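To convert, note that position 1 of the sequence shown is 1 in the UniProt record's numbering; the numbers rise steadily by one, no gaps.
The C-beta atom is built at its ideal place from N, Cα and C for all residues, glycine as well.
This structure is a prediction, so every number in the text was calculated from the model and none was measured.
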Amino acid sequence: MNSSLFSEWFHDCLVIELKKNLKILKLKKAILLTDNALAHPDVETLKAENITCIFLPPNTTAILQPMDQGVIESMKRRYRKQLLSKFLFEGDDDEEEAACSIVQFWKALTLKDCVYTINEAWESVPEHTLERSWRKLSPYLENVDQSNDSGSVTVTE
Numbered sequence: 001m002n003s004s005l006f007s008e009w010f011h012d013c014l015v016i017e018l019k020k021n022l023k024i025l026k027l028k029k030a031i032l033l034t035d036n037a038l039a040h041p042d043v044e045t046l047k048a049e050n051i052t053c054i055f056l057p058p059n060t061t062a063i064l065q066p067m068d069q070g071v072i073e074s075m076k077r078r079y080r081k082q083l084l085s086k087f088l089f090e091g092d093d094d095e096e097e098a099a100c101s102i103v104q105f106w107k108a109l110t111l112k113d114c115v116y117t118i119n120e121a122w123e124s125v126p127e128h129t130l131e132r133s134w135r136k137l138s139p140y141l142e143n144v145d146q147s148n149d150s151g152s153v154t155v156t157e
């Protein structure tokens with residue numbers, strides 16, 4: 001990723017999709033919150049009609065981004081476990097053959113296999129892990145009303 005690719009994605013993909021969604025949702029404006037990675041262009045480059053890009057303060061990614069609050073770690077752990085399970089399921093009992101089959105397993109693994117395994121890992125992340133990560137971000141969020149599609153939130157003080 002570099003600033004040129006990010007800028008191209010912003011203007012040629014994101015802006016177009018956001019405008020469609022804003023129209024469907026009958027909303028006027030959208031905000032893109034992003035970290036201040038070196039690959040991201042400056043705010044002036046990321047300007048579009050009714051779409052504002054706001055950079056998070058430096059060195060706050062781990063604090064402000066819920067996915068960094070254990071969700072990604074949980075998914076990675078599940079991904080590795082599923083890969084190991086696939087290997088063991090296909091593996092041999094003989095140690096010498098097993099060492100050879102490890103190499104064969106990795107060589108035979110395709111990008112498609114990896115994508116499906118990532119999906120399986122993501123689907124197996126428990127809902128409470130996601131809820132806990134959001135709660136760390138905002139302890140004021142007591143619960144989210146799941147019966148309401150509008151996503152109303154009960155706030156406590």
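Determine, using beta carbons only, whether residue i and residue j come nearer to each other than 8 Å.
i: Ser3; j: Pro41; result: yes
i: residue 162; j: Ala39; result: Outside the shown range of the chain (1 to 157) lies residue 162, about which nothing can therefore be said.
i: Gln82; j: Glu120; result: yes
i: Phe55; j: Val43; result: yes
i: Leu32; j: Leu14; result: yes
According to DSSP, residue i sits in a beta bridge with which residue or residues?
i: Phe55; result: Thr34
Under three-state DSSP, which class holds residue i?
i: Ala48; result: strand
i: Leu84; result: helix
i: Leu27; result: coil
i: Ser124; result: coil
i: Asn2; result: coil
i: Leu109; result: coil
i: Gln65; result: coil
i: His40; result: coil
i: Thr117; result: helix
i: Thr129; result: helix
When the cut-off is 8 Å and only beta carbons count, does residue i lie next to chain D?
i: Asn50; result: Structure shown: chain D not included; a single protein chain is present.
Just to check my reading of the structure: residue i and residue j have Cβ atoms closer than 8 Å, yes? What is that Cβ distance to the nearest angstrom?
i: Thr45; j: Ser7; result: 5 Å
i: Asn59; j: Ala30; result: Actually they are not in contact, since the Cβ atoms of Asn59 and Ala30 sit about 26 Å apart, beyond 8 Å.
i: Ser74; j: Val115; result: Incorrect: roughly 18 Å between the Cβ atoms, too far for contact.
i: Tyr79; j: Thr110; result: Not really, about 15 Å apart at Cβ, beyond 8 Å.
i: Phe89; j: Phe105; result: About 10 Å separates the two Cβ atoms, so there is no contact after all.
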